[in-house]
Amino acid sequence: MALDPQLLEILACPEDKGPLLYFADEQSLYNPRLRRRYAVRDDIPVMLVEEAETVGEEEHERLVAKAESDGVRPTFDPGDGGR
382 MALDPQLLEI
392 LACPEDKGPL
402 LYFADEQSLY
412 NPRLRRRYAV
422 RDDIPVMLVE
432 EAETVGEEEH
442 ERLVAKAESD
452 GVRPTFDPGD
462 GGR
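With positions in the sequence shown counted from 1, the corresponding number in the numbering used here is that position plus 381.
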């Protein structure tokens, strides 16, 4: 089961307040700016900085490439004035 699209529209990184990339097939949300991955457990995002996983360069590149190839869009557009 995937996260609710309305929830995705408002989800932001708890650290830098920026948008995230949601990988439903990996049950994770990713912040490419800070290279932090947040787990999604039982369809609930675990948005605690202390529980986030910092990824290395290789994993970061994989996730960014996957987002591009799969058409994964950020959870929101930071330039839309809504924040």
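Ideal placement from N, C-alpha and C gives every residue a C-beta, glycine not left out.
TODO: Using only alpha-carbon positions, find the residue among Tyr-403, Pro-459, Leu-415 that is nearest to Val-436.
DONE: Along the sequence shown, read from residue 1 onward, the residue named residue 436 stands at position 55. Answer by Cα proximity: Leu-415.
- [ ] Would you tell me roughly how many angstroms separate the C-alpha atoms of Ala-446 and Leu-410, rounded to the nearest one?
- [x] The residue labelled residue 446 in the question sits at position 65 within the sequence shown. The residue labelled residue 410 in the question sits at position 29 within the sequence shown. A direct Cα-to-Cα measurement between Ala-446 and Leu-410 gives close to 15 Å.
Open item on the list: For Tyr-403 and Thr-456, which I take to be in contact (beta-carbon distance under 8 Å), what is that distance rounded to the nearest angstrom?
Closed with: Translated into positions along the sequence shown, residue 403 becomes position 22. Translated into positions along the sequence shown, residue 456 becomes position 75. Contact between Tyr-403 and Thr-456 holds: their C-beta atoms lie close to 6 Å from each other, under 8 Å.
TODO: Return yes when the Cβ of Arg-417 is within less than 7 Å of the Cβ of Ala-433, no when it is not.
DONE: As a working note, residue 433 is residue 52 in the sequence shown. As a working note, residue 417 is residue 36 in the sequence shown. Yes, Cβ-Cβ distance for Ala-433 and Arg-417 is below 7 Å.
Task: Reduced DSSP secondary structure (H/G/I, E/B, other) of Pro-426 - done: Locating residue 426 in the sequence shown gives position 45, counting from the first residue. Look at Pro-426 here: in three-state DSSP terms it is strand.
Task: Integer Cβ distance of Cys-394 from Leu-388, believed to fall under 8 Å - done: Taking the first residue of the sequence shown as position 1, residue 394 is located at position 13. Taking the first residue of the sequence shown as position 1, residue 388 is located at position 7. Taking a contact as a CB-CB distance under 8 Å, the pair Cys-394 and Leu-388 does not count as one, their CB atoms being some 15 Å apart.
Open item on the list: Along the chain, where does the beta strand (DSSP E) containing Leu-402 start, and where does it finish?
Closed with: Sequence index remark: in the sequence shown, residue 402 carries index 21 (1-based). If you look at Leu-402, you'll find it in the beta strand (DSSP E) that goes 402-404.
Open item on the list: What does the alpha-carbon distance come out to for the pair Leu-392 and Ile-425?
Closed with: As a first step, residue 392 is located in the sequence shown; it is residue number 11 there, counting from the start. As a first step, residue 425 is located in the sequence shown; it is residue number 44 there, counting from the start. Using only the alpha carbons, I get a separation of about 12 Å.
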